[in-house]
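Going by the UniProt record's numbering, the residue at position 129 of the sequence shown is 129; the numbering climbs one at a time, nothing skipped.
All C-beta atoms in this analysis are idealised placements derived from N, C-alpha and C, irrespective of residue type, glycine included.
Note that this is a predicted model, so its numbers are computed, not measured.
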Amino acid sequence: MGHHAPRDLGFIMDLPTDLVYEILQHLHPIDLYTLVRTNKTLRALLLSKESYSTWRNSYTLHPDIPTCPADISYPKWTTLLFGPDECDKCGSNYAMPDIAFRANYCESCIMRNYMDKGMYPHVLESHPDHKDTLWPLLRFSYQWSGYTYFKGEFRKQYLPNDVTQREHEVTSFLKRIDADISKADREYRVYRWSRVQEVRAYMAHVESCNTWYMEVYRKVKDAHSGLSLRLATRCSRILVKRGFHPRDISSSLVQNALHASHITRLRGLRFRTVLKRIEVWVTAAARMRSADEKKDLLQKRQKLVDDTYHQYAMSRFSTDIWSSLPPAEVVRDLGYFKGFIESESDELGKLCQDRATAELDGFIETTFEKPKRGLTLASLLTNGKMKDYLGKGHPQEFDVLELATSVFSCPPCEAEVKCASDASAVVGWNELKNHLHCSPAREKASSTTPTPSTSAVKDKVATPLELPLRADKGGARDAISLLRLLALDPLTTTAEDMDKLDPRFLCMCCSPETSKGLTGRRAMGWRECLAHLHHMKLVTSQGAHYVPSWMLLTEEATRSVRYHENMLNPFPKKSSWSCKHCSLHFQKGVDRSCANDHVKNVHKIERPRQDIDFCFVPGKNKHRRKLFVVTLEPPVHYRCTKCPDAKSFRLWSLRPLQAHLADKHDIRENHDIGYISIDISQRTSEDLMVEEMHHP
1 MGHHAPRDLG FIMDLPTDLV YEILQHLHPI DLYTLVRTNK TLRALLLSKE SYSTWRNSYT
61 LHPDIPTCPA DISYPKWTTL LFGPDECDKC GSNYAMPDIA FRANYCESCI MRNYMDKGMY
121 PHVLESHPDH KDTLWPLLRF SYQWSGYTYF KGEFRKQYLP NDVTQREHEV TSFLKRIDAD
181 ISKADREYRV YRWSRVQEVR AYMAHVESCN TWYMEVYRKV KDAHSGLSLR LATRCSRILV
241 KRGFHPRDIS SSLVQNALHA SHITRLRGLR FRTVLKRIEV WVTAAARMRS ADEKKDLLQK
301 RQKLVDDTYH QYAMSRFSTD IWSSLPPAEV VRDLGYFKGF IESESDELGK LCQDRATAEL
361 DGFIETTFEK PKRGLTLASL LTNGKMKDYL GKGHPQEFDV LELATSVFSC PPCEAEVKCA
421 SDASAVVGWN ELKNHLHCSP AREKASSTTP TPSTSAVKDK VATPLELPLR ADKGGARDAI
481 SLLRLLALDP LTTTAEDMDK LDPRFLCMCC SPETSKGLTG RRAMGWRECL AHLHHMKLVT
541 SQGAHYVPSW MLLTEEATRS VRYHENMLNP FPKKSSWSCK HCSLHFQKGV DRSCANDHVK
601 NVHKIERPRQ DIDFCFVPGK NKHRRKLFVV TLEPPVHYRC TKCPDAKSFR LWSLRPLQAH
661 LADKHDIREN HDIGYISIDI SQRTSEDLMV EEMHHP
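In structure tokens, the structure reads:
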């Protein structure tokens, strides 16, 4: 036969036909399918009737492939298994083989040719009682779209031709039964039984084919994934050799890039083009990683500085000072700490404890001096008393801040709560220091302070050093109105003096409140009075509160009001407690139970002790406490004298008090014993005006 070129199968055609069939039967079915599609002569041989044994033997030699059913030829079965995903109806792509119906259908053809039970409402209309017996006689498919295959009774799809044919057969049997033809009923039962068995065997074969499909799919997918991963790994090695860091090389990114460009070999122009694109992505990833690492390093250094500062503050200051210390953000800008945080080193580094302590000592010594001087000057400027300034360094330079008439407000805190708050009237250095760092956009303090020669000032003057506090001239006048009502000297009375007196006032400018038939007014402390007037001047335009009018409560009435206030505002306050063993709650407190649990669980102290293991941290209070309403009409001016001291300050109206005496103290007959009446008003602004008119 001579020499033939490799892969040249032309010589086979010179062989006898029987020998050709003998040779071809040893090929894989998919190889036979390929020969049918590529060679006309072999196509004619393999599609002829004589080729049946060739196809059968080929399938026998490859038992892993689903066997060809009797209702379809071997060539068609092979095409169904290994052919392209082209629709048999319209030729569209993306048509998954449907073994149940021996065809490939795209989604649109499935919508036109498949039907479910709901689309056959009139099936067996002449014998409606036998509808349910029809469906088990039909083959069905779970395929709902070209590439979607679900299981479930409600997903079953049928071919219209199958339904029509079976309906005709069943109707024929039923008509014979209706006509009382001999053995018709028995023949129908035999037909149904045999047909059901056929369908079960048919669908079992379909299920085995679908299982084979899924196994082949998984194998192909795993093989493709393995190949893709190996290519990506080799490509990553090339990138590492070119100087890229392995952490910047995303295996999935490389794998997707190679897959999208159909790269199967790491050479050639197309690969080099893709590699350049991948290098751009890896370079961007390297920049992002570097930035993230730098950011993470900065955050770790900031936390180290914060922890050092918190431990320093905890060891040097009592809890009543914590809330007034500068925030950690300010400390980070100090020279030593700033240099440490912004160091170019890639290592975290360590803080020198001695140097850090020295830096903090110097900072804390001067941190309050400039703000305190700025607030002093602002208060004097606002009230027109710059001539009283004692000068820098005088022992009594800052005494003016302790006066009850040195009133400030904190706009950032007011804006946060959007209502009257203690931040609307900040009086005394103990309160002022808690608001030095409230402004979210606080700029670094300027080294320049205002001079005593500063000209005219408005009612509200911004304090120097960009502090958030604002001196309030109107608040000073309001404070004087309260001091005059108490017969105290505005020039010497301090905020501490007022806090010790702790009087209660009713605002007579406000309309009385009425609830459940009772009319009264809210009792306020002196700071709450100033905050109330400040807020009312902002939100009202009538000017009713520009000339304040007060009622000062008697000492007896004030005691009763304090009793009711404690009922309305039970201790402990929320979010004001801190652990004393660590700095976890230093900047943001928690409630008492959380602090107690923290000490138990973290520090393993079985019985935490207040003020030793955890403590209350006084700080700026942006929210007002609940105020007690003193009822004026009908009068509620009675107190029970039979109750223990802790409850004896409760105020009663007469009828409820008499019922209380009868129920709790068994006083029923004599209603004039067991209680006292107290006076509410000690003095009003109108009384003061009358006194001043008679004694100018």
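Quick check: the Cα distance between residue i and residue j, rounded to an integer number of angstroms?
{"i": "Val240", "j": "Glu344", "result": "26 Å"}
{"i": "Leu231", "j": "Arg112", "result": "44 Å"}
{"i": "Arg265", "j": "Leu229", "result": "13 Å"}
{"i": "Lys350", "j": "Leu375", "result": "38 Å"}
{"i": "Ala445", "j": "Arg332", "result": "For Ala445, the predicted structure reports a pLDDT of 38, less than 50, and the residue's modelled location is therefore unreliable. A value from the coordinates is still provided. Spanning the two alpha carbons is a distance of roughly 14 Å."}
{"i": "Val547", "j": "His598", "result": "51 Å"}
{"i": "Gly589", "j": "His532", "result": "27 Å"}
{"i": "His259", "j": "Ala291", "result": "30 Å"}
{"i": "Phe140", "j": "Glu107", "result": "17 Å"}
{"i": "Cys235", "j": "Val216", "result": "28 Å"}
{"i": "Leu403", "j": "Leu380", "result": "11 Å"}
{"i": "Ser261", "j": "His224", "result": "15 Å"}
{"i": "Asn210", "j": "Met288", "result": "47 Å"}
{"i": "His437", "j": "Thr366", "result": "15 Å"}
{"i": "Asp71", "j": "Lys89", "result": "20 Å"}
{"i": "Gln682", "j": "Pro512", "result": "19 Å"}
{"i": "Cys509", "j": "Tyr312", "result": "49 Å"}
{"i": "Pro677", "j": "Leu661", "result": "According to the sequence provided, residue 677 is Ser. The question's Pro does not apply to it. Distance between the alpha carbons of Ser677 and Leu661: 15 Å."}
{"i": "Asp307", "j": "Asn430", "result": "25 Å"}
{"i": "Leu465", "j": "Phe368", "result": "Per-residue confidence for Leu465 stands at a pLDDT of 48, beneath the threshold of 50, marking its modelled position as unreliable; the derived number appears in the next sentence. Cα to Cα, Leu465 sits roughly 12 Å from Phe368."}
{"i": "Leu19", "j": "Ala44", "result": "16 Å"}
{"i": "Val274", "j": "Ala257", "result": "7 Å"}
{"i": "Trp193", "j": "Tyr213", "result": "30 Å"}
{"i": "Met567", "j": "Leu488", "result": "30 Å"}
{"i": "Gln143", "j": "Arg37", "result": "28 Å"}
{"i": "Ala356", "j": "Met314", "result": "15 Å"}
{"i": "Tyr105", "j": "Leu138", "result": "19 Å"}
{"i": "Pro608", "j": "Ala425", "result": "37 Å"}
Between which two residues does the beta strand (DSSP E) containing residue i stretch?
{"i": "Asp638", "result": "First, the residue type needs correcting, since residue 638 is Tyr and not Asp in the sequence shown. From DSSP, the beta strand (DSSP E) with Tyr638 extends over Tyr638 to Cys640."}
{"i": "Ser578", "result": "Trp577 to Cys579"}
{"i": "Phe408", "result": "Val407 to Ser409"}
{"i": "Ser515", "result": "Glu513 to Ser515"}
{"i": "Ser681", "result": "Ser681 to Thr684"}
{"i": "Lys632", "result": "Checking the displayed sequence, the identity of residue 632 turns out to be Leu instead of Lys. Its beta strand (DSSP E) spans residues Val629 to Glu633."}
{"i": "Phe614", "result": "Phe614 to Phe616"}
Given a threshold of 16 other Cβ atoms within 10 Å of its Cβ, counted over all protein chains shown, does residue i qualify as buried or as exposed?
{"i": "Val630", "result": "buried"}
{"i": "Ile673", "result": "exposed"}
{"i": "residue 716", "result": "No information on residue 716 is available, as it lies outside the stretch 1 to 696 that the chain covers here."}
{"i": "Gln197", "result": "exposed"}
{"i": "Phe173", "result": "buried"}
{"i": "Asp472", "result": "buried"}
{"i": "Ser576", "result": "buried"}
{"i": "Gly91", "result": "exposed"}
{"i": "Pro635", "result": "exposed"}
{"i": "Val190", "result": "exposed"}
{"i": "Val282", "result": "buried"}
{"i": "Asp611", "result": "exposed"}
{"i": "Ser583", "result": "buried"}
{"i": "Lys175", "result": "exposed"}
Within the continuous alpha helix (DSSP H) that includes residue i, where are the two ends?
{"i": "Glu215", "result": "Ala184 to Lys241"}
{"i": "Cys507", "result": "From DSSP, Cys507 is part of no alpha helix (DSSP H) but of the beta strand (DSSP E) over Phe505 to Cys507."}
{"i": "Asp399", "result": "Neither: Asp399 is in no alpha helix (DSSP H) and is coded neither H nor E."}
{"i": "Cys582", "result": "Element bounds for Cys582: n/a, residue is neither H nor E."}
{"i": "Phe271", "result": "Leu269 to Arg316"}
{"i": "Thr60", "result": "Tyr52 to Thr60"}
{"i": "Arg559", "result": "Glu555 to Leu568"}
{"i": "residue 722", "result": "Residue 722 falls outside the range modelled here, since the chain spans only 1 to 696, and no answer is possible."}
{"i": "Arg592", "result": "Arg592 to Val602"}
{"i": "Ala257", "result": "Ser251 to Ala260"}
{"i": "Thr41", "result": "Lys40 to Leu46"}
Would you please verify whether the beta carbon of residue i is less than 9 Å from any beta carbon of chain C?
{"i": "Asp296", "result": "Reference to chain C is not applicable here, since this structure consists of a single protein chain."}
Segment contact, 8 Å Cβ cut-off, at least three pairs: the region 325–343 with the region 295–304: yes
For the region 322–361, list the alpha helix (DSSP H) runs that are entirely contained and at least 4 residues long, ordered along the chain. 328–331 and 335–341
Inter-stretch contact (C-beta, 8 Å, three-pair minimum) for the region 84–97 and the region 36–49: no
Runs of beta strand (DSSP E) wholly within the region 93–159 (minimum 3 residues, chain order): 143–145
Can at least three beta-carbon pairs, one atom from the region 118–133 and one from the region 161–176, be found at a separation below 8 Å? yes
The region 684–693 touching the region 591–610, judged by at least three CB pairs closer than 8 Å: no
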